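In what follows, a single structure is set out as structure tokens and then discussed.
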Amino acid sequence: MQIARYGLPLIILIFYVTVSLAFAYTPESTFLFLQAAGGVLLPDHAGSSPSPLWHLLVTVGGWLRLDEVLTVKVFSLLFCSFAVLCAYLFAVEAISDRVAGLFVALCVAVEPWLLQLGPSGNALSLALALSLAVLLFTKRGDYHVASLLAGLCTLVLWQGVGLLFVVVAEMFLNPAVRKQGLRPVATALLPFLSVVVAWLIYCIVFVVPAVPALVPFGEFPKASIPEVVVLVLLGGMMVVGIAAWAKLTGHAGYLVRMSISAWMWIVWLTVASAISGVEIALLAIPVLVTYAFFGLKILLIAVRSEHLLYTAALVLSVVFILECQMQFTSMTRPLMRDSIQASQVLKTAASWLRGVADNEATVAAEKPGIVGFYSARSTRPLEKDAVANTDFIVTAARKVQGYDVVYLPGQGDSSMIEGPHSHVAVWRRK
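Residue numbers for the sequence shown follow the numbering used here, beginning at 344 and rising by one.
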């Protein structure tokens, strides 16, 4: 269909342009990761390796003499765009309808958290693209490719190991595979194991922690009540569609097999996110959106109104997009704007420190990632109401006991000192 042929490139282009308009946005987590990639130990990641596959991409950029920050931001934007493509292809496989797949891709592309993730430079973008690719190839029956991609995703965050169980479950539920016994499952595990074993050998040889861990994004706004309501609605639509079909036909087994990967991945991410405190549950949203449309189609088939699919999909998409725009306008965009202003001030302060402070000087800052990255000085977090005991402090506090102000980042630049970060200053120990 013409709409499917030209609609997908248009959706990806709109997403790409929208994200590019906020390309200046770089969260603190990105600078923390870049410091870790440079050998700085992160206290919260002792005993783990921050996203080694993402680290490899940064290293490649270094070989090409590319700016580290620009490298991760470009990769993040590309992988988020690729994730929209994978969401479409996965939806087409799950729903067996290209137009419905376009609606899914559109809903995913306007997600506020994805628009925030796009320019961020965070490894979560790579995990999102890889996880959707794993689900796509699993649906297509390309289990070896899915297994390989699951292994790569595990090198971004350890929770990616859950994708292996999804692949194995899909194989066991596939009658054609089940007839052949355990041999196809065992061979499908080899690509995953080859990636993991290669990483473990590297860890042994170079004495690095073996557990891949994602540096938490840390700047996503809290879920609003409308957002929670919409997500519950999507999950309910998925359940109602299957239940309606089972009641009318008495054959729910096929539909359960069709959606088992979605249920497993969603549950795994929810539990793992609750345990680790990392925002990986967001990776389940494209899958939830896909199977909400899947449930909608099944429900319409069950009541013999399949001809209303596109109309119902349009209504569902409009509701979803309106909620996303409300969330983005009221919460996400102001947060990104505030972060950009803070980064501008802190980068200026850090650059001053780099030119003035001794190489052995120690710094404490409320955002040690960006300050440490641009100052190239040992920087630790500045705890509230705690004694810093460092040579310099970068903070917006009006008074710091035992320290004098030596530099105001926005001095002489009125555009920089306006806003909530106007009081940021560099303090030196007396």
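The C-beta atom is built at its ideal place from N, Cα and C for all residues, glycine as well.
Predicted model only: the values in this text are computed from it and were never measured.
Around the Cβ of residue i, are there at least 16 other Cβ atoms within 10 angstroms (buried) or fewer (exposed)?
i, result
"W406", "exposed"
"L668", "First, the residue type needs correcting, since residue 668 is Gln and not Leu in the sequence shown. Its Cβ having fewer than 16 others within 10 Å, Q668 is exposed."
"E703", "exposed"
"A645", "buried"
"Q670", "buried"
"S757", "With a pLDDT of 49 at S757, under the threshold of 50, the modelled position of that residue is not reliable, and the figure given next carries that caveat. Per the 10 Å Cβ criterion, exposed."
"S660", "buried"
"T672", "exposed"
"T733", "buried"
"Y368", "buried"
"G712", "buried"
"Y817", "In the structure as shown, the chain begins at 344 and stops at 773. Residue 817 is therefore absent and cannot be evaluated."
"F636", "buried"
"F358", "buried"
"L543", "exposed"
"V447", "buried"
"V748", "exposed"
"S602", "buried"
"F735", "buried"
"A380", "buried"
"A566", "exposed"
"L665", "exposed"
"R720", "buried"
"S648", "exposed"
"L577", "buried"
"V621", "buried"
Determine the contact status of residue i and residue j, defining contact as a CB-CB distance below 8 Å.
i, j, result
"V499", "L473", "yes"
"C423", "S468", "yes"
"A452", "A443", "no"
"P752", "T705", "no"
"P370", "P555", "no"
"L626", "L612", "yes"
"L428", "I355", "yes"
"A519", "L506", "no"
"F663", "V573", "yes"
"G464", "S537", "no"
"Y746", "K727", "no"
"G638", "V583", "yes"
"S718", "L696", "yes"
"A470", "L353", "no"
"A617", "I623", "no"
"G390", "P559", "no"
"P534", "L479", "no"
"D512", "S604", "It is Ala, not Asp, that sits at residue 512 in the sequence shown. Yes, they are a contact pair."
"I585", "I641", "yes"
"P629", "A430", "yes"
So if DSSP puts residue i in a beta bridge, which residue, or which two residues, is it bridged to?
i, result
"P393", "A556"
"P724", "A708"
"Y746", "R772"
"T738", "A768"
Among the options, whose alpha-carbon lies nearest the alpha-carbon of residue i?
i, options, result
"A740", "V767, P552, A719 and R723", "V767"
"E570", "M674, V749, F366 and Y750", "M674"
"G350", "K565, L375 and L445", "L445"
"V743", "L399, Y750, T722 and W770", "W770"
"H650", "D440, A719 and Q378", "D440"
"W588", "L643, L678 and P629", "L643"
"V401", "F374, L525 and S363", "F374"
"A531", "G578, V558, V540 and T481", "T481"
"R737", "F716, I568 and K710", "The sequence given here has Val at residue 737, not Arg. It is K710."
"L689", "C450, Y750, L533 and F425", "Y750"
"R680", "V360, A365 and T722", "A365"
"L458", "W501, L421 and E436", "L421"
"D410", "F716, P724, R723 and R720", "F716"
"E454", "K590, P677, V362 and G381", "V362"
"A426", "Y545, L449, A707 and A655", "L449"
"R348", "E666, T414, L432 and L413", "L432"
"P564", "R676, V412 and G524", "R676"
"V412", "I438, A437, I568 and Q378", "Q378"
My understanding is that residue i touches residue j, with C-beta atoms under 8 Å, so please give their C-beta distance in whole angstroms.
i, j, result
"V510", "C496", "That pair is no contact at about 11 Å."
"V714", "A693", "5 Å"
"F376", "A489", "Not confirmed; about 27 Å, so no contact."
"P462", "K416", "6 Å"
"M514", "V504", "Rounded, the Cβ-Cβ distance is 16 Å, inconsistent with contact."
"Y634", "M581", "4 Å"
"Q502", "S619", "7 Å"
"L678", "E562", "6 Å"
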